[in-house]
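Numbering (the UniProt record's numbering), first residue to last: 1 to 244.
Below you can see the structure in the form of structure tokens.
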């Protein structure tokens with residue numbers, strides 16, 4: 001993530017950083033590589049079991065994990081230098097409330113980093129990823145789990161512009177062109193196999209719902225089409241904005 005590293009290179013070395021929807025801390029790993037320094041990184045997630053697993057992934061005592069909802073951040077106003085939220089916005093019940101909480105806890109001149117896969121401007125192979133993600137999201141929704149379709153690039157830009165923040169940088173990565181020379185047909189098939197295994201597991205969890213047969217048929221139809229098309233990861237977009 002060299003481009004993000006360059007963007008953050010001018011920041012201080014005693015940064016207080018918050019990562020919302022941290023999961024197992026994957027994006028914290030990226031931040032460690034990109035930040036010039038930090039005094040603390042806090043990762044929050046709403047699932048206690050996930051937080052406990054994340055704690056085992058890091059030995060750095062400056063990194064800690066908490067069980068917390070992004071709609072109600074337990075931090076003081078103007079207390080964070082950087083707040084990151086990676087591939088989490090489309091999992092939120094109330095994204096506007098979370099974004100306003102981010103604005104509250106960010107210091108003046110602090111940075112918000114939004115990282116999301118987008119649903120538009122994808123190649124045919126990349127649309128396989130989008131379709132699989134949206135199908136899995138539909139199954140999660142049937143199970144009562146908040147999992148929305150991914151946003152367009154324009155929708156993401158509007159969200160952060162509504163906060164009245166100043167743009168620092170906005171760039172796409174993981175594009176079709178970037179993947180073209182790196183991913184083999186065998187790797188494409190492996191990715192599709194993994195996706196359909198995950199979907200099969202998710203379908204088992206709605207086995208007793210009246211929609212099960214409908215979604216099982218949809219899954220088989222999707223499988224037939226996507227193995228013909230192939231698979232690339234969807235392009236992601238990184239937005240870095242500054243609180244004025």
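Note that the Cβ used here is the ideal one computed from N, Cα and C, for glycine as well.
Problem - Length at least 3, wholly inside the stretch 129-191: the beta strand (DSSP E) runs in chain order - result: Runs of the beta strand (DSSP E) inside the stretch 129-191: 166-173.
Practice task
Inspect the CB distances between the stretch 197-209 and the stretch 148-156 and report whether three or more fall short of 8 Å.
Solution key: Contact fails: fewer than three Cβ-Cβ distances are below 8 Å.
Practice task
Using 10 angstroms around the beta-carbon of residue 198, count the other beta-carbons present and answer buried if the total reaches 16, otherwise exposed.
Solution key: Within the chain shown, numbered from 1, the residue matching residue 198 stands at position 198. Here residue 198 is exposed: its Cβ has fewer than 16 other Cβ atoms, across all protein chains shown, within 10 Å.
Problem - Which residues DSSP lists as bridging residue 67, in chain order - result: In the chain shown, the residue the question calls residue 67 occupies position 67. In the DSSP secondary-structure assignment, residue 67 is bridged to 45.
Practice task
Provide the residue span of the beta strand (DSSP E) that contains residue 109, from first to last.
Solution key: By 1-based counting over the chain shown, the position of residue 109 is 109. Per DSSP, residue 109 is one residue of the beta strand (DSSP E) stretching across 106-117.
Problem - DSSP state of residue 200 mapped onto helix, strand, coil - result: Residue numbering aside, residue 200 sits at position 200 when the chain shown is read from its first letter. The answer is helix: DSSP assigns residue 200 an H, G or I state.
Practice task
Let me know if residue 189 comes out buried or exposed under the rule of 16 or more other beta-carbons within 10 Å of its beta-carbon.
Solution key: By one-based count along the chain shown, residue 189 stands at place 189. A residue is called buried once 16 or more other Cβ atoms fall within 10 Å of its Cβ, and residue 189, having fewer, is exposed.
Problem - Cβ-Cβ separation, residue 81 to residue 16 (assumed contact under 8 Å), whole Å - result: In the chain shown, residue 16 corresponds to position 16, counting from 1. In the chain shown, residue 81 corresponds to position 81, counting from 1. Going by Cβ atoms, the distance from residue 16 to residue 81 rounds to 5 Å, so yes, they are a contact pair.
Handout entry: Span of the alpha helix (DSSP H), counted from its first residue to its last, around residue 212
Key = For the purposes of this step, residue 212 is taken as residue 212 along the chain shown, with counting starting at 1. That run of the alpha helix (DSSP H) goes 212-229.
Exercise for the section: Between the Cα of residue 237 and those of 114, 103, 42 and 12, spot the shortest distance and give me the residue it belongs to. Expected result: Indexing the chain shown from 1 puts residue 237 at position 237. Taking only the C-alpha atoms, the option nearest residue 237 is 114.
Handout entry: residue 24 (DSSP reduced to helix, strand or coil)
Key = The residue you call residue 24 lines up with position 24 of the chain shown. Three-state DSSP puts residue 24 in coil, outside helix and strand.
Handout entry: Cutoff 8 Å; reference residue 142; Cβ partners in own chain excluding five residues on either side
Key = The residue you call residue 142 lines up with position 142 of the chain shown. For residue 142, where only same-chain residues beyond five positions count, the Cβ hits under 8 Å are 206, 209, 211 and 215.
Problem - Inter-stretch contact (C-beta, 8 Å, three-pair minimum) for the stretch 7-26 and the stretch 121-137 - result: Output reads no: the stretch 121-137 does not touch the stretch 7-26.
Handout entry: 8 Å Cβ cutoff met for residue 86 and residue 27
Key = Your numbering for residue 86 matches position 86 in the chain shown. Your numbering for residue 27 matches position 27 in the chain shown. Against a cut-off of 8 Å, the Cβ pair of residue 27 and residue 86 comes out as a contact.
Exercise for the section: Might you give, ordered along the chain, the residues of its own chain that have their beta carbon closer than 6 Å to the beta carbon of residue 233, omitting 5 neighbours on each side? Expected result: Position 233 of the chain shown holds residue 233. Same-chain partners within the cutoff: 129 and 174.
Problem - 8 Å Cβ cutoff met for residue 227 and residue 192 - result: Within the chain shown, the letter at position 227 stands for residue 227. Within the chain shown, the letter at position 192 stands for residue 192. Here residue 227 is near residue 192, since their CB atoms are less than 8 Å apart.
Practice task
Keeping to the same chain, check which residues put their C-beta closer than 7 Å to that of residue 195; ignore five residues upstream and five downstream.
Solution key: As a working note, residue 195 is residue 195 in the chain shown. Take residue 195, set aside five residues on each side of it, and the residues of its chain with a beta-carbon closer than 7 Å to its own are 132, in chain order.
Exercise for the section: With DSSP as the reference, please indicate the residues paired to residue 241 in a beta bridge. Expected result: As a first step, residue 241 must be located in the chain shown, where it is residue number 241. Under the DSSP definition of a beta bridge, residue 241 partners with 112 and 167.
Practice task
Would you check if the distance between the CB atom of residue 77 and the CB atom of residue 105 is smaller than 8 Å?
Solution key: On the chain shown, residue 77 is found 77 positions in, with the first residue counted as 1. On the chain shown, residue 105 is found 105 positions in, with the first residue counted as 1. A contact, by the Cβ cut-off of 8 Å.
Problem - Beta-ladder partner(s) of residue 252, from DSSP - result: As shown, the chain starts at 1 and ends at 244. That puts residue 252 outside it, with no answer to give.
Handout entry: C-beta atoms of residue 51 and residue 29 nearer than 8 Å
Key = Within the chain shown, residue 51 is the residue found at index 51, counting from 1. Within the chain shown, residue 29 is the residue found at index 29, counting from 1. No. Outside cutoff.
Exercise for the section: Just confirm the distance between the C-beta atoms of residue 294 and residue 159, as a whole number of angstroms; I'd bet it's less than 8 Å. Expected result: Not covered by the structure: residue 294. The range shown for the chain is 1 to 244.
Handout entry: Outcome for residue 72 when other beta-carbon atoms lying within 10 angstroms are tallied against a minimum of 16
Key = One-based indexing of the chain shown puts residue 72 at position 72. Exposed, since its Cβ has fewer than 16 Cβ neighbours within 10 Å.
Exercise for the section: Classify residue 7 as helix, strand or coil using the three-state DSSP reduction. Expected result: Numbered from its first residue, the chain shown carries residue 7 at position 7. Three-state result, residue 7: helix.
Practice task
With a threshold of 16 other CB atoms inside 10 Å of the CB of residue 47, please say whether the residue is buried or exposed.
Solution key: Working through the chain shown from its first residue, we reach residue 47 at position 47. So residue 47 ends up on the exposed side.
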